[in-house]
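Since the structure comes first, as structure tokens, the remarks are kept for the end.
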Amino acid sequence: MGTLIRTLGGRAAQAVLVALLVGTACFLMVRVLPGDMAYRIAASRFGYDMVDSAAAEAVRQELGLDRPWFIQLGAWFADLARFDLGTSLASGEEVVDALAVQLGHTLLLSVSALALSLLIGPPLGALAGLRQGGWWDGALLALSAALRAVPAFVIGVALMIWLAVEWEWLPAGGVGGWREVVLPALTLALGLAAASSRVARDAVGAVVASPFFGFARMKGLGDAAAFRRHGVRNAAIPVVAYLGLQLVVLIEGMVVVESLFAWPGIGHALVHAVLGRDIPMVQGTALVMGLLFVTLNALTDLACWLLDPRRRAQ
Amino acid sequence: MTLSPKRLLGGLLLAAVAGFALLAPLHGADPLKQNLSDALLPPGGAYPLGTDHLGRDLLARLAAGARLSFGFALLAAMAAALPGTLLGLLAALHGGWLERLLLGLADAVQALPALLLVVLVTAFAPGDFLPLYLGIALALWVEFFRISRNTAASILARPQVEAARLLGFGTGHILRRHLWPEVAPLIATLFAFAAGTAVTTIAALAFVGVGARPPIPEWGSMMTELLPYYAEAPLALLLPGLLIFLTVLGLHLLAGRGRA
Chain D
265 MGTLIRTLGG RAAQAVLVAL LVGTACFLMV RVLPGDMAYR IAASRFGYDM VDSAAAEAVR
325 QELGLDRPWF IQLGAWFADL ARFDLGTSLA SGEEVVDALA VQLGHTLLLS VSALALSLLI
385 GPPLGALAGL RQGGWWDGAL LALSAALRAV PAFVIGVALM IWLAVEWEWL PAGGVGGWRE
445 VVLPALTLAL GLAAASSRVA RDAVGAVVAS PFFGFARMKG LGDAAAFRRH GVRNAAIPVV
505 AYLGLQLVVL IEGMVVVESL FAWPGIGHAL VHAVLGRDIP MVQGTALVMG LLFVTLNALT
565 DLACWLLDPR RRAQ
Chain H
0 MTLSPKRLLG GLLLAAVAGF ALLAPLHGAD PLKQNLSDAL LPPGGAYPLG TDHLGRDLLA
60 RLAAGARLSF GFALLAAMAA ALPGTLLGLL AALHGGWLER LLLGLADAVQ ALPALLLVVL
120 VTAFAPGDFL PLYLGIALAL WVEFFRISRN TAASILARPQ VEAARLLGFG TGHILRRHLW
180 PEVAPLIATL FAFAAGTAVT TIAALAFVGV GARPPIPEWG SMMTELLPYY AEAPLALLLP
240 GLLIFLTVLG LHLLAGRGRA
């Protein structure tokens, strides 16, 4: 239990770091933009023709822009701590409301992608690990090395053209039922499976070569029974632990894949906000993506702890 | 780095793409010159690889994209490797508060996924190349730092280093004779991976529109531009993707065993 609390405490510290990093970057971004900020805000309120220096001065007083920068930074973080993320400069919508809708889509996509990748990668890797040096082992090695060299957007374009446009099996983009989820999730899952199949292959290889597995076979268990009772869970620990490292790939892929398939999630919104220089939205989306990364990491920590009785005993 | 068949294959792949990048200008076409009456031509005649939707020569554009990606990847990987390695060695040699400070900094950077960090940095000036370099260097220096620091720290704890110290050899000697021969091959491997990451990142960002902007001939943005025309010119869409694949595969093979 102690190790678990320490690990999760580390994740909580990481979450605070994410907020500090994103918050500072966005605070700087606002200041780096050319021109007087009070004047810009006044112009967006009253229109560019109606604004004068008196109006700008009133805004400066009201928002406290005449205070020293470190006090403003403190106020910025105080807002952040209360989840007061402001309103989108582009749509005028509350950032928090927009994020709530996008997060739902992103969660659906990331959970589907992770589930698909676990259905594809580890079983194929396990087959290779059971017969190391066989033809399937060699083929899978080549396949996963090739897949790892293909960026997510190239996989996405290829899948979109074959499955959506040429064969018309699935829609090429948008949201709706389960059919819309399949293509973006599969794009992300293939990249993830390329790596997780290798980890599963090595883990299964190590289990099969271990003395306890040899003993299980010797006492008379068949291949399938020995693997089911003594192999799967042992081999699953490194696969799940590696999932934590793969989350980087998942979150990074989300930015690109959501944009390609017009999936209205957080990654798509982040790209739009960056292009539109909508800084409250940039801050909100980057913050939520970073926190999603930390949360999923904490969940993999927890899963490893539950899978491995040795860790729980510590 | 020892030469294995895999490394040789990786080197050959990279040499092929680099040769293409350097030899294609001999053909003499301008990658930016539009000729709308020659739009979306198949390969042949005056255009060895055909043209894009604005009638620009694809051979010239792909080669210009290769030069851009190679130059960018080398510079960005160097901008990450140099400070990362130096700080790693410094942290191992100095120890104490400096090491703790740098380790904390590395943790802070890695709290965010790398691409998210790069996107945040590019948000300061979308379309500019400088934030892209900075962002990628900022995200990638950590790996160089960690590997060089961990390797150096384990070497410094060995008895032969203590013996060298007792014999009166200075830090320079230990750095040259004990640390560098073991750290350098690891840095070379990381460098190849980092260059691969840089190639993918610049293409991915250009693909979603945050990185290099049209009309700059960049592989990722070429794919965005040509996606609507894939039925008329499938080859034009395939080629940039194929070049990214060959380049990254070459770099990964050159790097040697994966970092699973």
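Residue numbers (our numbering), protein chains in the order written: chain D, 265 to 578; chain H, 0 to 259. Beta carbons: idealized from backbone N, C-alpha and C, even for Gly.
Residue ranges of each alpha helix (DSSP H) within the segment 320 to 380 of chain D, 4 or longer: Those alpha helix (DSSP H) runs which fall completely within the segment 320 to 380 of chain D and span 4+ residues are 333 to 345.
8 angstroms Cβ cutoff, Glu358(D) in contact with chain H: Output row for Glu358(D): interface = no.
8 angstroms Cβ cutoff, His251(H) in contact with chain D: Output row for His251(H): interface = yes.
Phe476(D) classed as buried or exposed, judged by whether at least 16 other C-beta atoms fall within 10 angstroms: exposed
Leu243(H): contacting residues in chain D (beta-carbon distance under 7 angstroms): It is Ile, not Leu, that sits at residue 243(H) in the sequence shown. Ordered by position in chain D, the residues that pass the 7 angstroms Cβ test against Ile243(H) are Pro415, Val418.
Own chain partners of Pro589(D) with C-beta closer than 6 angstroms, once the 5 adjacent residues on each side are dropped: The question about residue 589(D) has no answer, for chain D in this structure spans 265 to 578.
Rounded separation between Gly64(H) and Ile425(D) - CA only: 23 angstroms
is_contact[Met293(D), chain H] using C-beta, thresh 8 angstroms: yes
Beta-carbon proximity of Trp179(H) to Ala202(H), cut-off 8 angstroms: no
Identified DSSP bridge partners for Gly43(H): Tyr46(H)
Members of the segment 503 to 517 of chain D near chain H, C-beta cut-off 8 angstroms: Tyr506, Leu511, Val512, Ile515, Glu516
Asp466(D), DSSP secondary structure in three states: helix
Per-residue contacts from Gln278(D) into chain H (C-beta, under 7 angstroms): Ala110
Local Cβ density within 10 Å of Asp361(D), reported as buried at 16 or more and exposed below that: exposed
Alpha-carbon spacing of His26(H) relative to Leu81(H), whole angstroms: 37 angstroms
Partners in chain D for Met222(H), counting only beta-carbon separations shorter than 9 angstroms: Here the neighbours are Phe417, Val418, Val421.
Nearest-angstrom beta carbon gap, Ala183(H) and Arg148(H) [assumed within contact, 8 angstroms]: Not confirmed; about 15 angstroms, so no contact.
Minimum Cβ-Cβ distance from Asp545(D) to chain H less than 8 angstroms: Note on residue identity: the sequence assigns Met, not Asp, to residue 545(D). Not one chain H Cβ lies under 8 angstroms of Met545(D).
Spatial neighbours of Val282(D) in its chain, beta-carbon cut-off 8 angstroms, leaving aside the 5 residues before and after: Answer for Val282(D): Leu551, Gly554, Leu555, Phe557, Val558, listed in chain order.
Close beta carbons around Thr288(D), own chain, < 8 angstroms, minus the five adjacent residues each side: The beta carbon of Thr288(D) lies closer than 8 angstroms to those of Leu337 in the same chain, with the five residues before and after it left out.
Exposed unless 16 or more other CB atoms sit within 10 angstroms - verdict on Ser317(D): exposed
Contact with chain D by Pro214(H), beta-carbon distance below 8 angstroms: no
C-alpha distance - Leu305(D) paired with Asp348(D), whole-angstrom precision: As written in the sequence, residue 305(D) is Ile, which differs from the Leu given in the question. The alpha-carbon atoms of Ile305(D) and Asp348(D) are separated by roughly 18 angstroms.
Beta-carbon neighbours of Ile305(D), restricted to chain H and to distances below 9 angstroms: Here the premise fails: no neighbours, minimum Cβ distance about 19 angstroms.
For Val418(D) and Leu39(H), the rounded distance between their alpha carbons: 21 angstroms
CB contact check: Arg270(D) to chain H, cutoff 8 angstroms: No, no contact with chain H.
Partner residues on chain H for Ile425(D), Cβ-Cβ distance less than 7 angstroms: Tyr229
Three CB pairs or more closer than 8 angstroms across the segment 535 to 549 of chain D and the segment 355 to 375 of chain D: yes
Neighbour-count burial assignment, Val280(D), 16 or more Cβ in a 10 Å radius: exposed
Asp56(H) in three-state terms, based on DSSP: If DSSP states are grouped into helix, strand and coil, Asp56(H) belongs with the strands.
Beta-carbon separation (whole angstroms), Leu86(H) vs Leu101(H), contact threshold 8 angstroms: The Cβ separation is near 6 angstroms, so the contact holds.
Beta-carbon gap between Ala211(H) and Ala136(H) smaller than 8 angstroms: no
Alpha carbon of Ala107(H) to alpha carbon of Leu53(H), nearest angstrom: 45 angstroms
Assigned secondary structure, Gly585(D) (DSSP; H/G/I helix, E/B strand, else coil): A query on residue 585(D) cannot be resolved here, the shown segment of chain D reaching from 265 to 578 and no further.
Residue interval of the alpha helix (DSSP H) (run including Lys262(H)): Past the edges of chain H, shown from 0 to 259, lies residue 262(H), and the structure says nothing about it.
Segment contact, 8 angstroms Cβ cut-off, at least three pairs: the segment 109 to 125 of chain H with the segment 514 to 523 of chain D: Pairwise C-beta distances place the segment 109 to 125 of chain H in contact with the segment 514 to 523 of chain D, as three or more of them are shorter than 8 angstroms.
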